[in-house]
Structures are given as structure tokens and as C-alpha cells.
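Novice: Numbering (our numbering), first residue to last: 8 to 278.
Glycine included, each C-beta is placed from N, C-alpha and C at the ideal position.
Please find one structure pasted underneath; my questions will follow.
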């Protein structure tokens, strides 16, 4: 596996990096208050643009950028939260143009962009703050899973579904519990096979992979993967059959489910 970018050009810690659907464009965000856009071509890369936030903007602000004729411009500014926005997640395109935002104020906001206008819903998800949010795949559009602390000492992932009658998001089913420390990340597999998969990463040095099959909708069972370090992020491949896990030990491990239904590490990438 080749390393493409060795020096990002950021002046501070990098918090996230995301490739586009085709793997040709990479966006990175940093504590230096910038987002950098790279064009990736094989083992080479080129910095295309550096997007800058306001020097005095609070961490609760959200900016939406758009590219037109190779020029990036900020088209929307939002201040829906009272504490830091920890992560954002676009929905599958089958669900429409929806953006979910998870905040330390305990709320999740969902912005809908339609006909050059914007509407939003906001609801309390975890009283102690929301660390992550992930959309269900297109086979079950409109559902969310969020991670955080539901109460002091209770660490869980919660599932949410949009209720047409009340025009808001409501918790769906029981909380996904079992972690003994903060849940830092959740990721709903994009796979649309008979099983649904959700991965949750925790400070308790474990990842739990939750499964629910079509015969028992709403019932989730988990299998635990143990690590030697705190786990920060989990991410599924586009096909939904490979799970990447990264943590405090500067390692990324790749996991797949074997024919017996057990999860096994197939590769480890180290700095």
C-alpha cells in the first residue's frame, strides 16, 4: 500500500481526512482553521485549494463550500449549536441532500438543502454530548445512528428515524450498549445485503460490530474486537465488507467477516 501524501501543509493537528467517492480528491481539516483540497492521481497529489474559516469564528459555526469553475466559495454559514460541532455526515443521495451535524451541546442537527433553500431539524441525542453520527445505507433511508454518553457513566449508540407525523427524529429501539467508556465513533455499513452492520469505537479499547438481519429487524447483536489502545475511528469500505479501525497506537487495521461469522484482521498499517 503506497503512501501518497507525506506533508499536508497544515500548521497544526489534522482532525479528519475524507476522500471523494471516486478516490480522486482528498479533503483534510486541521486546528489551523483551514481545510485543504488535494487532487490525487495514483501515487502523486497536488494541492488544489485551501479553504479558510473566520479567524474569530466559534467552533460551533458550520460553513458550506461549493466549487464552480475550479473556484471554491462559501455559500452557507450556520450557527445552530452552542458548543463544538464534532463531526458532519452527508446522507446517501437516495435520501436527498441531507447533512447531519453532531455537537458537544448534546444535539444533532439535520440540514436539508432543496430548491436553493435550506431547512433544518434539531433534536437532543445525548445529554453529555454527541461525538459521532452516521447515516443508514440507501436501503433504509432516513435513519441515523449517533454516539455519545446518554447519562453519566452510560456510554451507548442510539438509533434515530424520521417520523413523518411529528416532523422530527425519534429514537428507534433500545440503545446499543456494552461499552464501558465513551463511544468515540460510529459507522453504519453501506452494504445493502440481508444484514445491517454498525461499528462503534470506544475509549475502552474495543470495537463492537452490531448486526441485524431482515428476519429480526430492530434486534441488534454485537461482537467485540479488543485492542491494545484507545480506538478513535471506524470506517467501512464502499462495498461494506471491510472495516478500517484506527486508534491511539498510530495503527490502522483492516477487518473482514469470515464464513463462520467471525471478524479477523487481514492487514495492519503502521506509521
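#1: On the criterion of 16 or more Cβ atoms from any shown chain inside 10 Å, does residue 197 qualify as buried, or is it exposed?
#2: Given 8 angstroms as the limit, is there contact between the stretch 210-226 and the stretch 180-198, that is, 3 or more CB pairs closer than that?
#3: Any heavy atom of the ligand PLP within a distance shorter than 7 angstroms of the CB on residue 218?
#4: With a threshold of 8 angstroms, are at least 3 pairs of Cβ atoms found where one atom belongs to the stretch 133-147 and the other to the stretch 170-187?
#5: By Cβ distance, which residues of its chain are closer than 8 angstroms to residue 79, with the 5 residues on each side in sequence left out?
#6: Can you round the beta-carbon distance between residue 85 and residue 104 to whole angstroms, since I take them to be within the 8 angstroms contact cut?
#7: For residue 97, count neighbouring Cβ atoms within 10 angstroms of its own Cβ and tell me buried if that reaches 16, exposed if not.
#8: Report buried or exposed for residue 19, applying the criterion of at least 16 other Cβ atoms within 10 angstroms of its Cβ.
#9: Using a 10 Å radius around the Cβ and a threshold of 16 neighbouring Cβ atoms, would you call residue 108 buried or exposed?
#10: For residue 270 versus residue 205, is the C-beta distance shorter than 8 angstroms?
#11: Does the distance from the CB of residue 182 to the CB of residue 164 come in under 8 angstroms?
#12: Measure from the alpha carbon of residue 261 to the alpha carbon of each residue in 274, 254 and 255, then state which is nearest.
#13: Over what stretch of residues does the beta strand (DSSP E) that includes residue 88 continue unbroken?
#14: Report, in whole angstroms, the separation of the C-beta atoms of residue 90 and residue 112, which I expect to be a contact under 8 angstroms.
#15: For residue 243 and residue 252, I'd like the C-alpha separation in whole angstroms.
#16: Just to confirm, is the Cβ distance from residue 21 to residue 41 under 8 angstroms?
#17: Using the DSSP secondary-structure output, state which residues sit across from residue 287 in a beta bridge.
Specialist: From the atom records:
#1: For the purposes of this step, residue 197 is taken as the residue at position 190 of the chain shown. Counting Cβ neighbours within 10 Å, residue 197 comes out buried, since at least 16 surround it.
#2: yes
#3: This structure lacks the ligand PLP, and indeed carries no ligand of any kind.
#4: no
#5: Residue numbering aside, residue 79 sits at position 72 when the chain shown is read from its first letter. Cβ neighbours of residue 79 beyond the five flanking positions: 44, 56, 58, 72 and 73.
#6: The sequence position of residue 85 within the chain shown is 78, counting from 1. The sequence position of residue 104 within the chain shown is 97, counting from 1. Not really, about 15 angstroms apart at Cβ, beyond 8 angstroms.
#7: Taking the first residue of the chain shown as position 1, residue 97 is located at position 90. It is exposed - the Cβ of residue 97 has fewer than 16 other Cβ atoms within 10 Å.
#8: By one-based count along the chain shown, residue 19 stands at place 12. Exposed, by the Cβ-count rule.
#9: Position 101 of the chain shown, counted from the start, is the residue given in the question as residue 108. Buried, since its Cβ has 16 or more Cβ neighbours within 10 Å.
#10: Your numbering for residue 270 matches position 263 in the chain shown. Your numbering for residue 205 matches position 198 in the chain shown. Not in contact: residue 270 and residue 205 (Cβ atoms no closer than 8 angstroms).
#11: As a position in the chain shown, residue 182 is number 175, starting the count at 1. As a position in the chain shown, residue 164 is number 157, starting the count at 1. Contact flag set, yes.
#12: Within the chain shown, residue 261 is the residue found at index 254, counting from 1. Nearest C-alpha to residue 261: 274.
#13: Your numbering for residue 88 matches position 81 in the chain shown. Per DSSP, residue 88 belongs to no beta strand (DSSP E) and is neither H nor E.
#14: Sequence index remark: in the chain shown, residue 90 carries index 83 (1-based). Sequence index remark: in the chain shown, residue 112 carries index 105 (1-based). Confirmed, about 4 angstroms.
#15: As a first step, residue 243 must be located in the chain shown, where it is residue number 236. As a first step, residue 252 must be located in the chain shown, where it is residue number 245. Approximately 9 angstroms, taken between the alpha carbons.
#16: In the chain shown, the residue the question calls residue 21 occupies position 14. In the chain shown, the residue the question calls residue 41 occupies position 34. No, the pair does not count as a contact, with Cβ atoms beyond the cut-off.
#17: Coverage of the chain is limited to positions 8 through 278, which leaves residue 287 absent and any answer about it impossible.
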